[in-house]
Amino acid sequence: MKTALTDRTLGYMKFDTERTGNEALTAYTKAVFGCGADYIEVTSAAAAKLDPADYEEKYILRVTNSYDCGFCEANRFAYAVISSPYIRLLDKLPEDQPVIFEIHADEYSAQAILLYLHRYSFVRRIAAIRLTGLFGDSIASLVKWCRNNIFLPVDICPLNSMLTGTTDAAAAEEAGVRMLTLSFGRGYYFTALEQYVINRCVVSRNPMPKDVIKSMCIASFVFSDIFGAIPTGLARMLDSESESMAVYDTDSAVMYRPFRAKKVPDRRISYENIIDRKIKSIGLEHEIENAVIDMLKKVNFSFYKEITKRNIID
Numbered sequence: 001m002k003t004a005l006t007d008r009t010l011g012y013m014k015f016d017t018e019r020t021g022n023e024a025l026t027a028y029t030k031a032v033f034g035c036g037a038d039y040i041e042v043t044s045a046a047a048a049k050l051d052p053a054d055y056e057e058k059y060i061l062r063v064t065n066s067y068d069c070g071f072c073e074a075n076r077f078a079y080a081v082i083s084s085p086y087i088r089l090l091d092k093l094p095e096d097q098p099v100i101f102e103i104h105a106d107e108y109s110a111q112a113i114l115l116y117l118h119r120y121s122f123v124r125r126i127a128a129i130r131l132t133g134l135f136g137d138s139i140a141s142l143v144k145w146c147r148n149n150i151f152l153p154v155d156i157c158p159l160n161s162m163l164t165g166t167t168d169a170a171a172a173e174e175a176g177v178r179m180l181t182l183s184f185g186r187g188y189y190f191t192a193l194e195q196y197v198i199n200r201c202v203v204s205r206n207p208m209p210k211d212v213i214k215s216m217c218i219a220s221f222v223f224s225d226i227f228g229a230i231p232t233g234l235a236r237m238l239d240s241e242s243e244s245m246a247v248y249d250t251d252s253a254v255m256y257r258p259f260r261a262k263k264v265p266d267r268r269i270s271y272e273n274i275i276d277r278k279i280k281s282i283g284l285e286h287e288i289e290n291a292v293i294d295m296l297k298k299v300n301f302s303f304y305k306e307i308t309k310r311n312i313i314d
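Residue numbers (the numbering used here): 1 to 314.
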């Protein structure tokens, strides 16, 4: 059975609802679906800017208050997701609305929490269970245990706070989990959807389809416009100090390094680096200070730049 992918970015990241138009949200969701997502999780504010005709097939509504429950009364979604702090809202949702119950757990607590849930009557209202957390090497055995002991579809949302999110997601999919929840453009806490899709193609040795590459580019552009932030992967590319930014041309043996445009310095302001400040703190006369700095630059300018960047004498 195919593992469904959910993108949760619109379910938790805030954006300016007045500035962001329906066209931008529609373009973003269309591109994310083009990247491979089967569902997109949204808040009621985001859902209000999307086509209601797609709610039941493509969207998951995150419920955190009574207004969300009312929105769900008027519109049926593929799922409504409720995390454990908001479980009291479950009774306010329509009986025919499928619900995902989200639990924060890890490799040590997940099984105990799932067994404990069976004591509560609200379990009968749940259509699937989402486990959000760090699972490590036990992810495959956890998915297998859930399949044999929890008679509900399981959705795994692997966190990336230990840089293991993509690996956990791959292991969960290989183990046959019903759903994976990821987050486009984010990789510091949740696992980036685009990174997982790319890695899955690399591992399986299948070339990425051109339409998926195009969708990732479009989603990245619109993401920046909506959230006022650069997607995680692009943010790393724009970090000129990052050693991981080198791009190698194996044919010509040349290394290229992307860079971001820098603001032209104001000539009226004096800019000092750490070496300049260190030399000037010695207490030498002004002419001698300038002579020492000029000498360092002339002797080995590349060394001067490197030591300035590293700040090793601060």
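Even glycine gets a Cβ: it sits at the ideal position worked out from N, Cα and C.
No experiment lies behind these values; they were computed from the predicted model shown.
Leaving aside the five residues that flank Asn75 on each side, the residues in its chain whose CB is nearer than 7 angstroms to its CB run, in chain order, Pro52, Tyr55.
Residues of the same chain with a CB within less than 7 angstroms of the CB of Ala110, apart from the 5 flanking positions on each side, are Leu131, Leu142 in chain order. Taking the Cα of Ile129 as reference, the smallest distance to any Cα among Tyr39, Ser204, Met179 is reached at Met179. Per the coordinates, the alpha-carbon of Ile103 lies some 8 angstroms from the alpha-carbon of Ile113. Between Val222 and the set Asp68, Thr167, Phe184, the nearest pair of CA atoms involves Phe184. Within the segment 148-181, complete alpha helix (DSSP H) segments of at least 4 residues are found at 165-174, given in chain order. Burial is judged here by how many other beta carbons sit within 10 angstroms of a residue's own beta carbon; Phe151 has fewer than 16 and is exposed. DSSP places Phe135 in the coil class of the three-state scheme, outside both helix and strand. The C-beta distance from Phe135 to Asp106 rounds to 7 angstroms, short enough to fall under 8 angstroms. For His104, the pairing in a beta bridge is given by DSSP as Thr132. In the three-state reduction of the DSSP assignment, Ile40 falls in the strand class.
It is roughly 16 angstroms from the alpha-carbon of Met1 to the alpha-carbon of Asn148. Excluding the 5 residues flanking it on each side, Gly133 has same chain C-beta neighbours closer than 7 angstroms at His104, Ala105, Asp106, Leu159, in chain order. Shown here, Leu5 sits in a strand according to DSSP, grouped into three states. Put simply, the backbone Cα of Ala171 is about 11 angstroms away from that of Thr164. Going by beta carbons, Glu57 and Asp7 fall outside the 8 angstroms limit. The bridge partners DSSP lists for Ile60 are Glu41, Tyr79.
In the same chain as Tyr79, and ignoring 5 residues on each side of it, the C-beta atoms closer than 6 angstroms to its own belong to Ile60, Pro98, Ile100, in chain order.
Ala291 is classed as exposed because its beta carbon has fewer than 16 other beta carbons within 10 Å across all chains shown. Cβ neighbours of Ser138 within its own chain (closer than 6 angstroms, five residues either side excluded): Glu107.
Per the DSSP secondary-structure output, Val99 pairs in a beta bridge with Ala80.
Contact between the segment 13-30 and the segment 213-229 is present: three or more C-beta pairs spanning the two stretches fall below 8 angstroms. For Phe122, the three-state secondary structure derived from DSSP is helix. Under the 10 Å beta carbon count, Tyr39 is surrounded by 16 or more other beta carbons and is classified as buried.
Our two residues, Asn22 and Met295, have alpha carbons roughly 60 angstroms apart in a direct line. Residue pairing by DSSP places Phe190 opposite Leu159 in a beta bridge.
Across the structure, Cys157 and Phe190 are spaced so that their CA atoms are roughly 8 angstroms apart.
The DSSP-derived three-state label of Lys49 is coil. DSSP, reduced to helix, strand and coil, places Met216 within a helical segment of the structure shown. Distances from the CA of Met162 to each of Tyr188, Cys146, Glu173, Pro153 were compared; the closest alpha carbon is that of Tyr188. Annotation for Asp68: the continuous alpha helix (DSSP H) segment containing it runs 66-74. The shortest C-alpha to C-alpha distance from Ala47 to any of Thr20, Ala127, Tyr120 is the one to Thr20.
One Cα belongs to Phe77, the other to Phe227, and the distance between them is close to 24 angstroms.
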